[in-house]
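Everything in the sequence shown is counted per the working numbering, starting at 172 for the first residue and increasing by one.
Everything on this sheet refers to the single structure shown next.
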Amino acid sequence: MALAIAEITKELESIAPKSLAYFSKDNNGLLVGDSSQKVNKVMVTLDITEDIMEYAIKSKCDLIISHHPIIFGGIDKIDTKSKTGRIIIKAIQNNISIYAAHTNLDVAWGGVNDSLAKKLGLKVTGVLDKIEASKYYKVVVFVPLDYKEKVLDAMAQQGAGNIGDYSHCTFTTLGEGTFKPLEGSNPFLGETGNLETVKEVKIESIVSSDRLGGVLSGMKNAHPYEEVAYDVLPLQNNPDVYGLGRTTVLEAPITSIELANHVKKELNCTAVKFFGDKGKKVSKVAVLGGSGGSLIKKAKKLNCHAIITSDVDYHQGQLADELDICIIDPGHYHTEVVIVEDIAQKLNKVFSGKVDFQTALNNCPYSYI
């Protein structure tokens, strides 16, 4: 049973809303293809290399979901002289769409950093570097009693009432609505010129800013009235805290070199870059998939004894030594590739029996000699 790409990306964006992207020029979403395209087989990967594209073609995949965008920072031309051009051309020729979830997946709960912590067996206690929380609104709409379920479901399908691990969170109140259709109106109930009283239900639900437009559109399309009475109220009690990285704790203190060896083993690295005192006892550890050298001071401020991240340079290492915080750097690839299997599993669980999600890991582009 094939599904439209839009149905799959809707689920992806409930996991990692595009509004969470912390890099203004990031390129998240559907980069190549048609959202209405029906797909049977989907490949999840970290990077779309030429080898990954060839494997997707051979495997008859219809959609590739990657963490790193194939188009990033703009391109001047699409031709066969560049790897990016060849990949995009082959995708189009073979009717393969491409979707990317990048820094939004870094920030989202259940994203890259939670996968990294889980892989390392670390208990997450908080966010390393908080970003501005999503803005939330309460949507209130008045609906004829017989249309309650239809309107409520239409709103929920667009993400209204999503709070943490719950969906369809609403409150309803029974009451009476009045209206008088004027000249030129085409009322669903009643007659022009007559004051009407109708049993109605008030539906209230919470909606994040990135889903507000879709919720209002779905609500209006499902509502029987010509003129829909509704309110949109901004909320101050934003329930979600997002941010880069995670703070974690170990079950028991160990030395930093023991932690480094644990990271090597669990992430299957041949080596890690290490800064700091190898005998230092650590129990509180920051983790940040991808480049995290800029948050060393933040990790220290939160009383972390070590940070596991990547792309740490010479001077950042000197800073860590000065601050007495250890750095374990397994490399960019190994701190992020952990998300691939987790995303495939989540999507397989949601779309079981409808679409086949498989994983393919591109080769790490660097090696230690």
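Built from N, CA and C at the ideal position, the CB exists for glycine as well.
Source: prediction; values computed, not measured.
Worksheet item: Do V456 and L494 have their CB atoms nearer than 8 Å?
Response: no
Discussion item. Mapping the DSSP letters down to three states, classify G355 as helix, strand or coil.
Written reply: coil
Worksheet item: Hey, out of W280, V314, K471, whose CA is closest to S185's CA?
Response: W280
Discussion item. Going by DSSP in three states, A288 sits in which element: helix, strand or coil?
Written reply: helix
Discussion item. Could you tell me the alpha carbon to alpha carbon distance between S454 and V295, rounded to whole angstroms?
Written reply: 12 Å
Discussion item. Using 8 Å as the threshold, is the C-beta distance between E371 and K309 below it?
Written reply: no
Worksheet item: Between which two residues does the beta strand (DSSP E) carrying L430 extend?
Response: Counting along the chain, L430 falls outside any beta strand (DSSP E), though it belongs to the alpha helix (DSSP H) covering 427 to 437.
Practice prompt. Use the C-beta contact count for T419: other C-beta atoms within 10 angstroms, 16 or more gives buried, fewer gives exposed.
Written response: buried
Worksheet entry | Three-state secondary structure assigned by DSSP to G414 | strand
Discussion item. Within the continuous beta strand (DSSP E) that includes Y504, where are the two ends?
Written reply: From DSSP, Y504 is part of no beta strand (DSSP E) but of the alpha helix (DSSP H) over 503 to 507.
Worksheet entry | Range covered by the beta strand (DSSP E) that runs through S237 | 234 to 237
Practice prompt. Please look up how many angstroms separate the CB atoms of I478 and L459, rounded, as I've assumed it's under 8 Å.
Written response: 7 Å
Worksheet entry | Distance between G335 and L466 (C-alpha atoms, nearest Å) | 27 Å
Worksheet item: From D277 to H503, what does the alpha carbon distance come to, in whole angstroms?
Response: 13 Å
Worksheet entry | Runs of alpha helix (DSSP H) lying entirely within the segment 201 to 285, each at least 4 residues, in chain order | 221 to 229, 254 to 264, 274 to 278
Item to complete: Under the assumption that V511 contacts T216 (Cβ atoms under 8 Å), give the Cβ distance between them as a whole number of angstroms.
Response: 6 Å
Item to complete: Given a cut-off of 8 Å, decide if S237 and D222 are closer than it, judged by their beta-carbon atoms.
Response: no
Worksheet item: Start and end of the beta strand (DSSP E) containing K452?
Response: 452 to 462
Worksheet item: Roughly how many angstroms lie between the CA atoms of A175 and G461, to the nearest whole one?
Response: 31 Å
Discussion item. Just to check my reading of the structure: V414 and G330 have Cβ atoms closer than 8 Å, yes? What is that Cβ distance to the nearest angstrom?
Written reply: Reading off the sequence shown, one finds Gly at residue 414, where the question assumed Val. In fact, because the Cβ distance is near 21 Å, the residues do not count as touching under 8 Å.
Worksheet item: Can you tell which of N275, R257, N211 has the C-alpha that lies nearest to the C-alpha of Y193?
Response: N275
Worksheet item: By DSSP, does E303 sit in helix, in strand, or in coil?
Response: coil
Discussion item. With the cut-off set at 8 Å, would you say K444 and D492 are in Cβ contact?
Written reply: no
Worksheet item: I471 to K301, Cα distance in whole Å?
Response: Per the sequence shown, the amino acid found at residue 471 is Lys instead of Ile. One C-alpha to the other measures close to 15 Å.
Worksheet item: S206: which of N199, E178, H239, M390 sits nearest, CA to CA?
Response: E178
Item to complete: Tell me whether I377 sits in a helix, a strand or coil according to DSSP, three-state version.
Response: strand
Discussion item. Suppose you measure from the CA of M214 to the CA of D317; what does that come to, to the nearest Å?
Written reply: 43 Å
Item to complete: Output the boundary residues of the beta strand (DSSP E) element that contains D553.
Response: Residue 553 cannot be examined here, being either before or after the span of the chain that is shown, 172 to 540.
Worksheet item: Considering only the beta carbon of each residue, do V508 and H394 sit closer than 8 Å?
Response: no
Discussion item. Using C-beta distances below 7 Å, list every residue in its chain close to C475, excluding the 5 sequence neighbours before and after it, in chain order.
Written reply: T418, K455, V456, A457, I496
Fill in: Through-space distance from K451 to P424, alpha-carbon basis
10 Å
Practice prompt. Note down the Cα distance separating D324 from E398, rounded to an integer number of angstroms.
Written response: 20 Å
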